[in-house]
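Engineer: For reference, the structure I am asking about is given below.
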Amino acid sequence: MKIGIPKEISSGEGRVAVVPVMVSQLKRDEHEVFVETGAGIDSNFLDDEFKQAGAEIISDAKDLYQVAEAVIKFQAPEVHPQLKKHEIELLKDGTVLICSLPPQKHAELIPMLQKHKITTFAMEYLPRITKAQSMDVLSSMATAAGYKAVLIAADHLTKFFPLLMTAAGTIPPANVLILGAGVAGLQAIATAKRLGARVEAFDPRPVVKEQIESLGGTFVEMEMPEDAETTGGYAKQQSDEFLKKEQEAIGARLPKVDVVICTAQIFGKQAPLLVTDEMVKLMKPGSVIVDLAAAEGGNCELSEPNKVTEKYGVTVFGKVNLARELPTHASQMHSKNVTTLFKHAFQNGELDFEDEIVKNACITHNGEIINEMVKKNFS
Ligand code: NAD
């Protein structure tokens with residue numbers, strides 16, 4: 035296949051969907067790879083490296099979209115700022131497109147993808163099964179975001195993270211509270227522990243207790259809901275009663291906490307509100323909250339997407355897509371994930387719609403909606 039890797043056009047996006055080492059692998063499988071000039075520059079992958087890996091560099095995005103039979107990109111398609119045309123309209127009809135397709139964008143994009151008979155794979159819709167782990171972009175990006183969230187907090191905190199015993203006295207370790215112990219939360223626990231903090235974590239899924247403890251964190255015990263988890267491993271939406279109890283348990287800890295890292299999410303829904311304005315008042319001045327759920331409404335009432343808010347002496351970072359602040363490794367991980375999916379989906383030339391990975395991750399094909407959940411939303 036002729037595979038095109040365009041430069042991302044979304045504002046602030048410096049990652050590239052496929053890195054040179056994966057271009058070599060695609061070439062070995064007898065695909066041709068076309069990369070737009072400067073596609074990897076912001077993540078430190080230069081055009082020369084792509085060339086050495088066997089890619090052809092194309093300077094005009096329009097030409098790249100015209101030549102490609104499959105386009106692999108990071109972000110969902112949007113209007114190209116220079117070409118003044120939607121990326122979906124730049125694709126040839128029938129092209130394969132592998133990218134992100136968040137549920138909030140479905141109403142706008144899916145009818146266009148159907149109209150142009152694009153075969154779309156959305157990385158968010160991979161089933162969370164062992165076989166798909168090496169394709170799981172959500173986990174890769176959550177890993178980068180969880181790590182970076184702690185570094186932002188540590189950088190902004192006016193205190194040390196570790197316990198220090200110095201000639202100038204003993205400094206206690208920072209107290210870090212992690213809300214949500216999925217992939218991002220677990221990486222945040224690991225990072226905060228490596229920096230020497232004392233770490234506690236909340237999550238309604240009891241299965242994570244062992245994972246938190248294996249990283250040296252403390253699982254905050256509370257009365258757990260009976261069926262907290264979907265069959266796919268995601269948290270179910272919790273009752274108002276549970277959230278109220280959880281807020282009380284969090285509120286009881288906030289006066290002692292220096293840093294809160296918010297990672298609690300419910301797939302496809304608003305994030306649960308766990309720290310209200312009133313609760314932020316309970317924190318010590320100088321404390322820091324980093325909210326990775328800011329785009330989904332935030333776990334903290336004060337967080338706003340991509341803004342820093344200061345209230346009651348507490349600084350709240352509302353972070354969206356934080357993985358892009360680690361563009362080199364985020365690109366490298368994404369690259370491995372998407373090429374593994376590409377190889378899996380097209381291993382026999384034809385798509386197998388009985389395959390669990392294909393039937394979930396494929397959103398549109400030949401004008402039809404394939405993923406059952408998405409299809410239901412459109413019927
Ligand atoms: P996510 O981003 O949807 O949610 C983050 C965390 O928020 C989850 O742990 C969730 O339980 C938690 N949460 C939800 N409501 C909360 C609340 N009220 N208070 C506190 N926390 C709350 O989840 P994720 O990190 O993408 O993954 C969740 C799980 O999916 C993993 O832990 C794992 O079991 C599974 N998973 C499987 C695979 C695979 O097998 N391929 C890959 C990745 C993840």
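The number in this note's numbering is simply the position in the sequence shown, starting from 1, with 34 added. For every residue, glycine included, the Cβ atom is placed at its ideal position computed from N, Cα and C. Fair warning: this is a prediction, and the values are worked out from it, not measured in the lab.
State the DSSP-derived secondary structure class of H150, mapped to helix, strand or coil.
Structural biologist: coil
Engineer: Which residues bound the alpha helix (DSSP H) around D63?
Structural biologist: Note, D63: premise wrong, no alpha helix (DSSP H); not H, not E.
Engineer: Considering only heavy atoms of the ligand NAD, does any lie closer than 7 Å to the CB of R49?
Structural biologist: no
Engineer: Report the residue from L198, Q221, I300 and V294 whose alpha carbon sits nearest the alpha carbon of T310.
Structural biologist: Comparing Cα-Cα distances from T310 to each of L198, Q221, I300 and V294, the minimum goes to V294.
Engineer: Quick one: any contact between the region 46-62 and the region 75-91, if contact means 3 or more CB pairs under 8 Å?
Structural biologist: yes
Engineer: What is the rounded straight-line gap between the Cα of I43 and the Cα of K279?
Structural biologist: 43 Å
Engineer: List the residues that DSSP assigns as beta-bridge partners of L131.
Structural biologist: V105 and T154
Engineer: Evaluate contact between the region 286-305 and the region 201-211, counting only Cβ atoms and requiring at least three cross-stretch pairs below 8 Å.
Structural biologist: yes
Engineer: Identify whether H114 lies in helix, strand or coil by the three-state DSSP scheme.
Structural biologist: coil
Engineer: Is the beta carbon of Y159 sitting closer than 8 Å to the one on N394?
Structural biologist: yes
Engineer: Determine which residues share a DSSP beta bridge with N276 and list them.
Structural biologist: Checking the sequence shown, residue 276 turns out to be Phe, not Asn. Partner(s): none; F276 has no beta bridge.
Engineer: To the nearest whole angstrom, what separates the beta carbons of P40 and V105, a pair I think is in contact under 8 Å?
Structural biologist: 7 Å
Engineer: Between C334 and G214, which are expected to be in contact by the criterion C-beta below 8 Å, what is the C-beta distance as a whole number of angstroms?
Structural biologist: At roughly 12 Å, the Cβ-Cβ gap does not stay under 8 Å, so C334 and G214 are not in contact.
Engineer: What residue from L307, V53, G216 and G203 has the CA that sits closest to K243's CA?
Structural biologist: Of the candidates L307, V53, G216 and G203, the one whose C-alpha sits nearest the C-alpha of K243 is G216.
Engineer: If I follow the unbroken alpha helix (DSSP H) through H378, where does it start and stop?
Structural biologist: Counting along the chain, the alpha helix (DSSP H) containing H378 begins and ends at P361 to A379.
Engineer: Can you give, in chain order, each stretch of the beta strand (DSSP E) that sits fully within the region 162-225 and has at least 3 residues?
Structural biologist: Unbroken beta strand (DSSP E) stretches of 3 residues or longer found wholly inside the region 162-225: 198-200, 203-205 and 209-213, given in chain order.
Engineer: Would you mind reading off the limits of the alpha helix (DSSP H) that contains I122?
Structural biologist: E121 to L124
Engineer: Hey, is R6 close to the ligand NAD, as in C-beta under 7 Å from one of its heavy atoms?
Structural biologist: Look at the range of the chain in this structure, 35 to 413, and you will see that residue 6 is not part of it.
Engineer: Under the criterion of a Cβ to heavy atom distance below 7 Å, does Y422 qualify as lining the ligand NAD?
Structural biologist: Any question about residue 422 goes unanswered here, given that the chain covers just 35 to 413.
Engineer: Go to E423, then tell me how far its alpha helix (DSSP H) extends in each direction, as first and last residue.
Structural biologist: Examination of residue 423 is not possible in this model, given that the chain is present from 35 through 413 alone.
Engineer: Can you tell me whether E263 is helix, strand or coil according to DSSP?
Structural biologist: strand
Engineer: Could you tell me how far apart the beta carbons of E263 and A269 are, in whole angstroms, since I believe they sit closer than 8 Å?
Structural biologist: 6 Å
Engineer: Straight-line CA distance for S45 to Y346?
Structural biologist: 32 Å
Engineer: Between the Cα of H475 and those of P111, K139, D127 and K126, spot the shortest distance and give me the residue it belongs to.
Structural biologist: The structure shown has nothing for residue 475, since the chain only spans 35 to 413.
Engineer: Please name the residue or residues paired with K303 in a DSSP beta bridge.
Structural biologist: DSSP, once it has assigned bridges, lists no residue as partnering K303.
Engineer: Could you give the uninterrupted runs of the beta strand (DSSP E) lying entirely in the region 221-253, keeping only those of 3 residues or more?
Structural biologist: 232-236
Engineer: Looking at Q167 and the ligand NAD, is the gap between the Cβ and the nearest heavy atom below 7 Å?
Structural biologist: yes
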